[in-house]
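Notes to accompany the following structure.
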Amino acid sequence: MRHFPVPLGLHYTGRARRYQARGSTSLRLIGKHLCISTAPLAQFGAAFGRLAQRLFRHAFHLLLSQGDQGLQQLRQRLFPQAHWLLDRWHLTQALRAFTGPDQAEFQRLLQPLRQADAQAALEALAQSPLRHLRPKEFQTLWGYLQNYRHGIDAWHQIPATLRRRRGRTPPPVKSGSGAVEKNIEVHINRRFKRQGRSGHPLRA
Numbered sequence: 149m150r151h152f153p154v155p156l157g158l159h160y161t162g163r164a165r166r167y168q169a170r171g172s173t174s175l176r177l178i179g180k181h182l183c184i185s186t187a188p189l190a191q192f193g194a195a196f197g198r199l200a201q202r203l204f205r206h207a208f209h210l211l212l213s214q215g216d217q218g219l220q221q222l223r224q225r226l227f228p229q230a231h232w233l234l235d236r237w238h239l240t241q242a243l244r245a246f247t248g249p250d251q252a253e254f255q256r257l258l259q260p261l262r263q264a265d266a267q268a269a270l271e272a273l274a275q276s277p278l279r280h281l282r283p284k285e286f287q288t289l290w291g292y293l294q295n296y297r298h299g300i301d302a303w304h305q306i307p308a309t310l311r312r313r314r315g316r317t318p319p320p321v322k323s324g325s326g327a328v329e330k331n332i333e334v335h336i337n338r339r340f341k342r343q344g345r346s347g348h349p350l351r352a
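Counting the sequence shown from 1 gives a position; this note's numbering is that position plus 148.
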């Protein structure tokens with residue numbers, strides 16, 4: 149079986165509650181357009197950029213990614229004016245790889261990241277009792293935070309009106325890609341179903 153990377157990109161303009169029931173956290177993306185390709189990353193990026201130019205004329209653009217160097221280069225070349233955030237989901241996964249089952253330490257280290265304070269996160273990590281027990285994982289996480297600290301701190305550069313909810317209306321911008329990942333997953337599964345294929349990676 150041959151495997152090859154499939155770049156995926158999703159443009160959207162905001163988020164809204166899917167259900168009005170109190171306590172529901174399900175969200176849907178507004179103005180979403182999915183871009184999928186089997187072309188090399190550079191060609192995909194060019195198509196993704198053209199799609200943004202054709203569809204959107206917003207004054208504020210935000211790109212969310214896990215820090216991949218190829219994606220960073222595309223951002224600098226195709227979206228030079230866009231703000232960039234390090235995806236919170238990938239950030240917490242990197243943190244979990246260091247702390248393992250120690251939930252108390254995970255929550256302690258997560259707190260400065262929730263405040264989008266990379267320096268405080270590094271200082272907290274330097275004091276972690278796990279650094280001597282898991283030195284390899286410590287170095288990996290330390291390097292990740294150091295290399296992408298600007299993507300953590302950039303949260304404060306986003307206008308407050310885009311970061312804060314209005315009543316029960318969720319904020320347009322969020323630092324985690326959960327809703328984006330879910331939308332891509334649903335889109336792919338629906339496409340596979342129409343083709344009579346399975347969305348499961350081992351059965352696709």
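Ideal placement from N, C-alpha and C gives every residue a C-beta, glycine not left out.
Of the residues the options, the one placed nearest residue i, counting alpha carbons only
| i | options | result |
| --- | --- | --- |
| residue 176 | 270, 187, 227 and 163 | 163 |
| residue 215 | 292, 305 and 344 | 292 |
| residue 192 | 213, 156 and 160 | 156 |
| residue 257 | 307, 238, 273 and 239 | 273 |
| residue 254 | 278, 234 and 185 | 278 |
| residue 246 | 182, 290, 234 and 187 | 290 |
| residue 282 | 221, 248 and 342 | 248 |
| residue 220 | 295, 344, 312 and 276 | 295 |
| residue 288 | 181, 244 and 343 | 244 |
Exposure of residue i, with buried meaning 16 or more beta-carbon neighbours within 10 Å
| i | result |
| --- | --- |
| residue 202 | exposed |
| residue 349 | Note on residue 349: pLDDT 49, under 50, position unreliable in the model; no value is reported. |
| residue 299 | buried |
| residue 158 | buried |
| residue 351 | In this prediction, residue 351 scores a pLDDT of 48, lower than 50, which makes its location untrustworthy; no coordinate-derived value is stated. |
| residue 204 | exposed |
| residue 208 | exposed |
| residue 212 | buried |
| residue 310 | exposed |
| residue 234 | buried |
| residue 307 | exposed |
| residue 343 | exposed |
| residue 341 | exposed |
C-beta atoms of residue i and residue j nearer than 8 Å
| i | j | result |
| --- | --- | --- |
| residue 230 | residue 199 | no |
| residue 266 | residue 297 | yes |
| residue 252 | residue 261 | no |
| residue 218 | residue 189 | yes |
| residue 232 | residue 225 | no |
| residue 242 | residue 303 | no |
| residue 227 | residue 179 | no |
| residue 183 | residue 195 | yes |
Residue i beta carbon near the ligand ZN (any heavy atom closer than 7 Å)
| i | result |
| --- | --- |
| residue 238 | The ligand ZN is not part of the structure shown, which contains no ligands of any sort. |
*Curious, which full-length beta strand (DSSP E) runs of at least 3 residues does the segment 201 to 246 contain?*
Within the segment 201 to 246, the complete beta strand (DSSP E) runs of at least 3 residues are 210 to 213 and 231 to 234.
*Just list the alpha helix (DSSP H) runs in the segment 257 to 305, keeping only unbroken ones of 4 residues or longer that don't cross its boundaries, in chain order.*
266 to 274, 283 to 295 and 297 to 301
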